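Chemist:
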Amino acid sequence: AQSVTQLGSHVSVSEGALVLLRCNYSSSVPPYLFWYVQYPNQGLQLLLKYTSAATLVKGINGFEAEFKKSETSFHLTKPSAHMSDAAEYFCAVSDYYSGGDKVIFGPGTSLSVIP
Amino acid sequence: GAVVSQHPSWVICKSGTSVKIECRSLDFQATTMFWYRQFPKQSLMLMATSNEGSKATYEQGVEKDKFLINHASLTLSTLTVTSAHPEDSSFYICSAHDRQGETQYFGPGTRLLVL
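Chains as they are written, first to last, in this note's numbering: chain A, 233 to 347; chain B, 133 to 247.
#1: Is the CB of A:Y271 under 7 angstroms away from at least one CB in chain B?
#2: So that I know if they touch, is there some Cβ in chain B lying closer than 7 angstroms to that of A:K281?
#3: Give a yes or no on whether the C-beta atoms belonging to A:K257 and A:T304 are separated by under 7 angstroms.
#4: Can you find a CB in chain B that lies within less than 7 angstroms of the CB of A:L276?
#5: Does the segment 212–219 of chain B touch the segment 144–157 of chain B, meaning 3 or more C-beta pairs lie closer than 8 angstroms?
#6: Could you check whether the Cβ of B:T212 sits closer than 7 angstroms to any Cβ belonging to chain A?
#7: Can the beta-carbon of A:T341 be found less than 7 angstroms from the beta-carbon of A:G275?
#8: Would you mind sorting A:I336 into buried or exposed? The rule is 16 or more other CB atoms within 10 Å of its CB.
#9: Just to confirm, is the Cβ distance from A:G248 to A:S312 under 7 angstroms?
#10: Considering only C-alpha positions, which residue in the set A:V245, A:S260, A:K334 and A:F299 is nearest to B:M179?
#11: Nearest-angstrom Cα distance between A:V289 and A:C323?
#12: Out of B:T164, B:Y190, B:Q232 and B:E219, state which residue places its alpha-carbon closest to the alpha-carbon of B:V246.
#13: What is the residue span of the beta strand (DSSP E) that A:L252 lies within?
#14: Buried or exposed: where does A:T287 fall if 16 or more other Cβ atoms within 10 Å of its Cβ makes it buried?
#15: Going by other Cβ atoms of all chains shown within 10 Å of its Cβ, with 16 needed for buried, is A:K281 buried or exposed?
#16: Establish whether the CB of B:F238 and some CB of chain A are separated by less than 7 angstroms.
#17: Using a Cβ-Cβ cut-off of 8 angstroms (strictly less than) and excluding sequence neighbours within five positions of B:V143, which residues of its own chain qualify?
#18: Output, in sequence order along the chain, the residues in the segment 292–305 of chain A whose CB is closer than 7 angstroms to any CB in chain B.
#19: Do we get a CB-CB distance below 7 angstroms when we pair A:G340 with the residues of chain B?
#20: List, in chain order, every chain A residue whose beta-carbon is nearer than 9 angstroms to that of B:H217.
#21: How about B:S227 and B:F238: are their beta carbons less than 7 angstroms apart?
#22: Quick one: using the 10 Å Cβ neighbour count with 16 as the cut-off for buried, is A:D317 buried or exposed?
#23: Which ranges would you report for the beta strand (DSSP E) in the segment 166–211 of chain B if only whole runs of at least 3 residues count?
#24: In whole angstroms, what separates the C-alpha of B:M165 from that of B:S209?
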């Protein structure tokens, strides 16, 4: 079975500071990993995805994430936070590589950006 | 990326009535769509997988007769909440795979309030 944990349900950073959102996964098969962002009362927008190619994945809005198999992690980072980054962030895992089609979401991390 | 729409975005109904939510893939065909439910400040919970031309696959604990899913075409899946009650009030989000099947793209969500 697959699962995702996100350390820290709420993260606050100052504008211009580094953003680090943590994600660890559990999967018995090579995982596909995703980061989604959700703004209030909206659906989810894909930030980036890892699909067994390069371990460092660059996404939209300056975000990137690094897949570390030894640590079973897929942390999301951004060098400099912007006010518009304040949102809910979800890490997710799927077993697409092995023919599955379900996506399992982590509990989410709410990011606040302090001016 | 692929575009998924939902209609309506907001619905308020009386207890005991049925509500239909539509999910459409606008620029691609989706043989499989997914329906999620999200409570405030919580993550997405997969309710069911909607398969075009066949019965939906429901997750454990989801009432099939309560949440009717119809995937009659390659671009449309509908979720009907039958005999809605206040505890059914939630944010319902649908998603569909892109052409490669690797990534799920999400609709903007439908907020249901049952009075």
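Ideal Cβ positions, reconstructed from N, Cα and C, are used throughout, including at glycine. This structure is a prediction, so every number in the text was calculated from the model and none was measured.
Modeler: The relevant details are as follows:
#1: Counting from one through the first sequence, the residue named residue 271 of chain A turns up at place 39. Chain B has no Cβ within less than 7 angstroms of the Cβ of A:Y271.
#2: Working through the first sequence from its first residue, we reach residue 281 of chain A at position 49. For A:K281, the answer is yes, since a Cβ of chain B falls inside 7 angstroms of its Cβ.
#3: Residue numbering aside, residue 257 of chain A sits at position 25 when the first sequence is read from its first letter. Residue numbering aside, residue 304 of chain A sits at position 72 when the first sequence is read from its first letter. Going by the sequence as given, residue 257 of chain A is Tyr instead of Lys. Contact flag set, yes.
#4: What you label residue 276 of chain A is simply residue 44 of the first sequence in a count that begins at 1. Cβ-Cβ to chain B under 7 angstroms: yes for A:L276.
#5: The segment 144–157 of chain B is in contact with the segment 212–219 of chain B.
#6: In the second sequence, residue 212 of chain B corresponds to position 80, counting from 1. No, B:T212 does not count as interfacial toward chain A.
#7: Position 109 of the first sequence, counted from the first residue, corresponds to residue 341 of chain A. Position 43 of the first sequence, counted from the first residue, corresponds to residue 275 of chain A. No. Outside cutoff.
#8: Within the first sequence, numbered from 1, the residue matching residue 336 of chain A stands at position 104. When all chains shown are included, A:I336 counts as buried.
#9: Here residue 248 of chain A refers to the residue found at position 16 when the first sequence is read from its first residue. Here residue 312 of chain A refers to the residue found at position 80 when the first sequence is read from its first residue. Yes; because the gap between Cβ atoms is below 7 angstroms, this pair is in contact.
#10: Position 47 of the second sequence holds residue 179 of chain B. Measuring from the Cα of B:M179, the nearest candidate turns out to be A:K334.
#11: One-based indexing of the first sequence puts residue 289 of chain A at position 57. One-based indexing of the first sequence puts residue 323 of chain A at position 91. Going from the Cα of A:V289 to the Cα of A:C323 covers about 14 angstroms.
#12: Taking the second sequence and counting its residues from 1, the one referred to as residue 246 of chain B is at position 114. When each option's Cα is compared against that of B:V246, the closest is B:E219.
#13: Locating residue 252 of chain A in the first sequence gives position 20, where the first residue counts as 1. Taken as a continuous stretch (DSSP letters only), the beta strand (DSSP E) holding A:L252 covers V251 to L253.
#14: For the purposes of this step, residue 287 of chain A is taken as residue 55 along the first sequence, with counting starting at 1. Exposed.
#15: Along the first sequence, one-based indexing puts residue 281 of chain A at 49. Buried.
#16: Sequence index remark: in the second sequence, residue 238 of chain B carries index 106 (1-based). Cβ-Cβ to chain A under 7 angstroms: yes for B:F238.
#17: Residue 143 of chain B sits at position 11 when you count from the first residue of the second sequence. For B:V143, where only same-chain residues beyond five positions count, the Cβ hits under 8 angstroms are V151, I153, T242, R243, L244 and L245.
#18: none
#19: Here residue 340 of chain A refers to the residue found at position 108 of the first sequence. Yes, A:G340 counts as interfacial toward chain B.
#20: Position 85 of the second sequence holds residue 217 of chain B. Neighbours of B:H217 in chain A, taken as residues whose beta carbon is under 9 angstroms from its own, are absent, since the nearest beta carbon is some 22 angstroms off.
#21: Indexing the second sequence from 1 puts residue 227 of chain B at position 95. Indexing the second sequence from 1 puts residue 238 of chain B at position 106. Contact: yes.
#22: Locating residue 317 of chain A in the first sequence gives position 85, where the first residue counts as 1. When all chains shown are included, A:D317 counts as buried.
#23: 176–183 and 199–205
#24: Residue numbering aside, residue 165 of chain B sits at position 33 when the second sequence is read from its first letter. Residue numbering aside, residue 209 of chain B sits at position 77 when the second sequence is read from its first letter. For B:M165 and B:S209, the gap between their C-alpha atoms comes out near 7 angstroms.
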